[in-house]
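This note's numbering puts the first residue of the sequence shown at 4, with every later residue one more than the last. By construction, the Cβ of each residue, glycine as well, lies at the ideal position given by its N, Cα and C atoms. Below: the structure, in structure tokens.
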Amino acid sequence: MSETLFTKIIEREIPADIVYEDEQCLAFRDINPKAPMHILVIPKKVIPKLVDAVPEDDALLGHLMIVAAQVASDQGYSDAFRLVVNNGAAVGQSVFHLHLHILGGRDFMWPPG
Ligand code: AMP
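So, in structure tokens, the structure goes:
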């Protein structure tokens with residue numbers, strides 16, 4: 004597994020507020036939250052960007068979505084949360100280990116900025 008900031012969280016080399024974990028993924032609170040609920044769901048497999056995912060990742064990507072919905076529900080936001088995936092530095096990706104942002108607890112603009 005190549006090293007990223009998030010693999011260090013998976014390996015417990017750096018601390019994080021982990022809210023969910025299974026064999027395939029981990030969910031933890033964002034260190035710089037942009038909403039009252041801001042949790043990241045990451046695969047344990049290193050996929051730098053969504054565009055790097057391959058057909059064999061189908062089930063894993065679906066699992067991340069299912070987990071994100073479950074985590075949002077567990078946090079009390081089953082009817083009002085947003086998922087965001089930044090793909091590429093130009094749109095704001097800063098950690099090159101695929102992650103789903105789960106955001107909730109405030110108003111959100113549409114279309115997103
Ligand atoms: P992105 O900009 O889409 O790549 O999102 C990366 C996210 O990771 C940002 O929202 C950061 O605040 C968050 N982040 C960076 N370092 C940590 C960390 N050590 N623990 C939790 N979240 C982090």
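Item: Since V98 and L8 should fall inside the 8 Å C-beta cutoff, what is the C-beta to C-beta distance between them, to a whole number of angstroms?; Value: 5 Å
Item: Using CA atoms only, rank isn't needed, just tell me which of E16, D77, R32 is closest to H102.; Value: R32
Item: Can you determine whether any heavy atom of ligand 1 sits closer than 8 Å to the C-beta of L67, and answer yes or no?; Value: no
Item: Please go through the region 26-101 and give each complete alpha helix (DSSP H) segment of 4 or more residues, from N-terminal end onward.; Value: 61-77
Item: In terms of residue numbering, what span does the alpha helix (DSSP H) encompassing I17 cover?; Value: Premise fails: I17 is in no alpha helix (DSSP H) and is neither H nor E.
Item: Going by other Cβ atoms of all chains shown within 10 Å of its Cβ, with 16 needed for buried, is P46 buried or exposed?; Value: buried
Item: At what residues does the beta strand (DSSP E) containing G107 begin and finish?; Value: 103-107
Item: Can I12 be considered in contact with ligand 1, in the sense that its beta carbon sits closer than 8 Å to one or more heavy atoms?; Value: yes
Item: With distances taken between CB atoms, is the gap from V87 to L67 smaller than 9 Å?; Value: no
Item: Compute the distance between the beta-carbons of I34 and Q78, then report whether it is under 9 Å.; Value: no
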